[in-house]
Amino acid sequence: MAQDFENEIREIARGVPEGKYPSAGAAPLTDIDKGFLAAIEEFYVLSRRAVTIFNDASPGMRLSLQRLTPDFLDLFLSIPGRRGGFSISSPSRIVILFDEDPDVLTVIGKRRKAAKGGEGKLSSAIQLIKVNFKMENNEVVYRDNAGGALDPESLVTLFIKWVSAA
């Protein structure tokens, strides 16, 4: 039975016309891409640590962390032309980090609006912050729009506070 399942999935994959979809990772990484990947990975690792700590300490609410592919950002969130990102979500809120410009991480959030019938609709996305980054001496440096230094741990703490708020 497992073999039938595997064979069926392989046949589906073989049935996709070659060249119809762009090959993921076909283009070599540029220095700009490497900077973005270093920046987003640092935030992802800190966020994974923060979500684990939160979930271990929380008596009820659970947070979730998900990597978001460029295809997901484009198809589902209508954010085209991005290199990827990730989200932190709770039952009532979500924070999404993705690249906007070559050296800017954009952080947006959505929350569930309480409705009279108990169901909630999502609010419009709001921009929480833009984080400028650049590589200096093989290290990613983060700055706000005014050029002030930003600490990634402090930012992730703010994201956790926002996503876990009632």
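All residue numbers for the sequence shown refer to our numbering, where the first residue is 89 and numbers rise by one.
The beta carbon of each residue, even a glycine, is placed where N, CA and C say it ideally should be.
Keep in mind it's a predicted model, so treat the numbers as computed, not measured.
#1: Quick check on residue 127: does DSSP put it in helix, strand or coil?
#2: Going by C-alpha to C-alpha distance, which of 145, 156 and 213 sits closest to residue 201?
#3: Using the three-state DSSP reduction, which class does residue 200 fall into: helix, strand or coil?
#4: Could you check if residue 170 is buried or exposed, using at least 16 other CB atoms within 10 Å of its CB as the buried criterion?
#5: So, helix, strand or coil for residue 144, using DSSP?
#6: Among the candidates 119, 199, 225 and 93, whose CA atom is the shortest distance from the CA of residue 247?
#7: When the distance is taken between beta carbons, is residue 142 closer than 8 Å to residue 289?
#8: For a test of the three-state rule: what should DSSP assign to residue 176, helix, strand or coil?
#9: Measure from the alpha carbon of residue 165 to the alpha carbon of each residue in 179, 183 and 106, then state which is nearest.
#10: Enumerate in chain order the residues of its own chain whose CB-to-CB distance from residue 136 is below 8 Å, with the five nearest sequence positions on each side excluded.
#11: Can you give me the start and stop residues for the alpha helix (DSSP H) that residue 161 sits inside?
#12: Would you call the segment 90-102 and the segment 211-226 touching, i.e. three or more CB-CB distances under 8 Å?
#13: With a threshold of 16 other CB atoms inside 10 Å of the CB of residue 236, please say whether the residue is buried or exposed.
#14: So, using beta-carbon positions, are residue 193 and residue 221 closer together than 8 Å?
#15: Please classify residue 98: is it buried, with 16 or more other beta-carbons within 10 angstroms of its beta-carbon, or exposed?
On the basis of the supplied data:
#1: By one-based count along the sequence shown, residue 127 stands at place 39. Of the three classes helix, strand and coil, the one that applies to residue 127 here is helix, per DSSP.
#2: Numbered from 1 along the sequence shown, position 113 holds the residue referred to as residue 201. Considering only alpha carbons, the answer is 213.
#3: By 1-based counting over the sequence shown, the position of residue 200 is 112. In the structure shown, residue 200 sits in a strand (DSSP, three-state: E or B).
#4: Along the sequence shown, read from residue 1 onward, the residue named residue 170 stands at position 82. It counts as buried.
#5: Reading the sequence shown from its first residue, position 56 is the one you call residue 144. Residue 144 falls in the helix class under three-state DSSP.
#6: Working through the sequence shown from its first residue, we reach residue 247 at position 159. Among 119, 199, 225 and 93, the Cα nearest to that of residue 247 belongs to 199.
#7: With the chain covering only 89 through 254, there is no way to say anything about residue 289.
#8: Numbered from 1 along the sequence shown, position 88 holds the residue referred to as residue 176. Reduced to three states, the DSSP call for residue 176 is strand.
#9: Position 77 of the sequence shown, counted from the first residue, corresponds to residue 165. Out of 179, 183 and 106, 183 has the C-alpha closest to the C-alpha of residue 165.
#10: Mapped onto the sequence shown, residue 136 falls at position 48. Counting only Cβ-Cβ distances below 8 Å, and skipping sequence neighbours, we find 153.
#11: Numbered from 1 along the sequence shown, position 73 holds the residue referred to as residue 161. Segment 158-163, the alpha helix (DSSP H) holding residue 161.
#12: no
#13: Taking the first residue of the sequence shown as 1, we reach residue 236 at position 148. It counts as exposed.
#14: Here residue 193 refers to the residue found at position 105 of the sequence shown. Here residue 221 refers to the residue found at position 133 of the sequence shown. Cβ distance < 8 Å, so residue 193 and residue 221 count as in contact.
#15: What you label residue 98 is simply residue 10 of the sequence shown in a count that begins at 1. The residue is exposed, with fewer than 16 neighbouring Cβ atoms inside 10 Å.
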